[in-house]
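Residue 325 is where the sequence shown starts when you use our numbering, and the numbers rise one by one after that.
For glycine and all other residues, C-beta sits at the position ideal for the given N, C-alpha and C.
Below is one structure, written out as structure tokens; comments come after it.
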Amino acid sequence: MGTAKKILGIDELKKFIGVLEENMSADARKKVLKKIGSRITNEVIPDYFQEKKGPNGEKWADLKDPYKGQKIKKKGTTDILVSEGKLLRSVGYKENENQVVVGAGDASDVPYARSHNNGYKERNLEARQFIGIGEEEQQRIDEEIYDWWGRVIK
């Protein structure tokens, strides 16, 4: 993936993984992590593109005037990070029994994913983060953890 965020870095998820490792099969752990990845990629990240904001809640920087004019001329829109939808469609996740990684693009299909997410100083491209861990991602993670705990406790 061109840009990615390892979800395992969250303290709560680390604790959750520890409990999963002790109490669940590798297949069961993978299923829970898959649900987390799916919810983040399908529920959270599309909202960032629609609302033009990142996981930290900050609005994306506006397009710079020279480029804004070019984009209107070529594409008929000034939508940020959306031209043909290739970047958003490249968002996905990979999971195994120990972690889920959410990311976008790779060098062959969407090589610009990392530059847009992290910024690219050499090209004067501001970061417009859409992959990261914010409140929305944390909420989905917590919901899946609580859902699992609820089933275990019964």
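- Residues of its chain near residue 376, where Cβ-Cβ distance is below 7 Å and the 5 sequence neighbours each way are ignored: 383, 384, 404
- Query: Quick one: any contact between the region 352–370 and the region 434–444, if contact means 3 or more CB pairs under 8 Å?
  - Reply: no
- Task: Report all residues from its chain with a CB closer than 8 Å to the CB of residue 468; omit the five preceding and five following residues, and keep chain order.
- Result: 356, 359, 360, 363
- Message: Quick check on the DSSP output: the alpha helix (DSSP H) that includes residue 358 runs from which residue to which?
- Response: 350–363
- Backbone CA spacing between residue 305 and residue 426 [nearest angstrom]: The requested residue 305 is not part of the displayed model; the chain covers only 325 to 478.
- Task: Hey, could you find the ends of the alpha helix (DSSP H) residue 417 is sitting in?
- Result: Careful: residue 417 lies outside any alpha helix (DSSP H), inside the beta strand (DSSP E) at 415–419.
- Query: Does the distance from the C-beta atom of residue 477 to that of residue 336 stay below 9 Å?
  - Reply: no
- Query: So residue 425 is in the beta strand (DSSP E); what residue range does that whole segment cover?
  - Reply: 424–428
- Query: Are there 16 or more other CB atoms within 10 angstroms of the CB of residue 301, so buried, or fewer, so exposed?
  - Reply: Outside the shown range of the chain, which is 325 to 478, sits residue 301, and nothing can be said about it.
- Paired residues, beta bridge with residue 444 - DSSP: 449
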